[in-house]
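First residue of the sequence shown: 1, per the numbering used here; consecutive thereafter.
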Amino acid sequence: MAITVRQWSCRQCYGDFWVTLSETVTRCPYCGASGDWLTADLTATVGDL
């Protein structure tokens, strides 16, 4: 089964984290910055993670 997740990269602290596509991120969980992101959608097969 394939799932798609969104990678968020904070431009302030360069922390990377992944959430499902239905989640929205308002603050970086590492440094607390808001609104300055790079994002990429990644599809993975369960079992590869």
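Cβ coordinates follow ideal geometry from the N, Cα and C atoms, glycine included.
Shown here for Gln12: same chain residues with a beta carbon closer than 7 Å to its own, the five before and five after excluded, namely Cys28, Cys31, Ala33, Asp36 in chain order. Straight through space, the alpha carbons of Thr45 and Ser22 are spaced by roughly 18 Å.
Note on geometry: alpha-carbon atoms of Gln7 and Thr26 lie some 14 Å from one another.
Under DSSP, Ala40 forms a beta bridge with Gln7.
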